[in-house]
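A.B. asks:
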Amino acid sequence: SNEKETRALGIEVGDFISFDPRTVVTDTGFIKSRHLDDKVSAAILLNLLRIYKKEKIELPVTTHFAFSVFEEVGHGANSNIPAQVVEYLAVDMGAMG
Numbered sequence: 008s009n010e011k012e013t014r015a016l017g018i019e020v021g022d023f024i025s026f027d028p029r030t031v032v033t034d035t036g037f038i039k040s041r042h043l044d045d046k047v048s049a050a051i052l053l054n055l056l057r058i059y060k061k062e063k064i065e066l067p068v069t070t071h072f073a074f075s076v077f078e079e080v081g082h083g084a085n086s087n088i089p090a091q092v093v094e095y096l097a098v099d100m101g102a103m104g
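See below:
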């Protein structure tokens, strides 16, 4: 909470730090962790693409999968949707509890 306490932890200016996500895998195989929202959404879409390829599923319309890295700063995927796009589906995960 202040410079002295931070330095006492061995953290110096320029050091990379991260928060402990406190990840837990339950007995039923569910993953509980902080900071999963965008990662889970990407994993869902990537797995869907893997299944489409493995099962040789052809979609009935031209489909683009976009992965944005700028969601938190306000100019992610929603800010640059081409005018010819007829339908748009955003995949995100809201944390419960």
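Quick note: the sequence shown uses my numbering, first residue 8, plus one each step.
Beta carbons: idealized from backbone N, C-alpha and C, even for Gly.
(1) VAL47 by DSSP, collapsed to three states: which one?
(2) Cutting at 7 Å between CB atoms, please list the residues of its own chain near LEU52, excluding the five before and the five after it.
(3) Would you kindly report the start and end of the unbroken alpha helix (DSSP H) that includes THR13?
(4) What separation, rounded to the nearest whole angstrom, lies between the Cα atoms of THR33 and PRO67?
(5) Name the one or two DSSP bridge partners that ILE38 has.
(6) Output needed for ILE64: all residues of its chain with C-beta closer than 8 Å, excluding positions within five of it in sequence on either side, in chain order.
(7) Taking the Cβ atom as the reference point for each residue, do PHE26 and ALA49 lie within a distance shorter than 7 Å?
C.D. replies: Put simply:
(1) For the purposes of this step, residue 47 is taken as residue 40 along the sequence shown, with counting starting at 1. Note: VAL47 maps to helix in three-state DSSP.
(2) Position 45 of the sequence shown, counted from the first residue, corresponds to residue 52. If we look at LEU52 and ignore the five residues flanking it on each side, its Cβ neighbours are PHE72 and VAL98.
(3) Here residue 13 refers to the residue found at position 6 when the sequence shown is read from its first residue. Where THR13 is concerned, the enclosing alpha helix (DSSP H) stretches over 10-15.
(4) The count along the sequence shown starts at 1 and reaches residue 33 at position 26. The count along the sequence shown starts at 1 and reaches residue 67 at position 60. One C-alpha to the other measures close to 38 Å.
(5) Walking along the sequence shown from the start, residue 38 turns up at place 31. ILE38 pairs with VAL32.
(6) The residue given as residue 64 occupies position 57 in the sequence shown. If we look at ILE64 and ignore the five residues flanking it on each side, its Cβ neighbours are ILE58.
(7) Here residue 26 corresponds to residue number 19 of the sequence shown, with the count starting at 1. Here residue 49 corresponds to residue number 42 of the sequence shown, with the count starting at 1. In this structure, PHE26 lies away from ALA49, with their beta-carbon atoms at least 7 Å apart.
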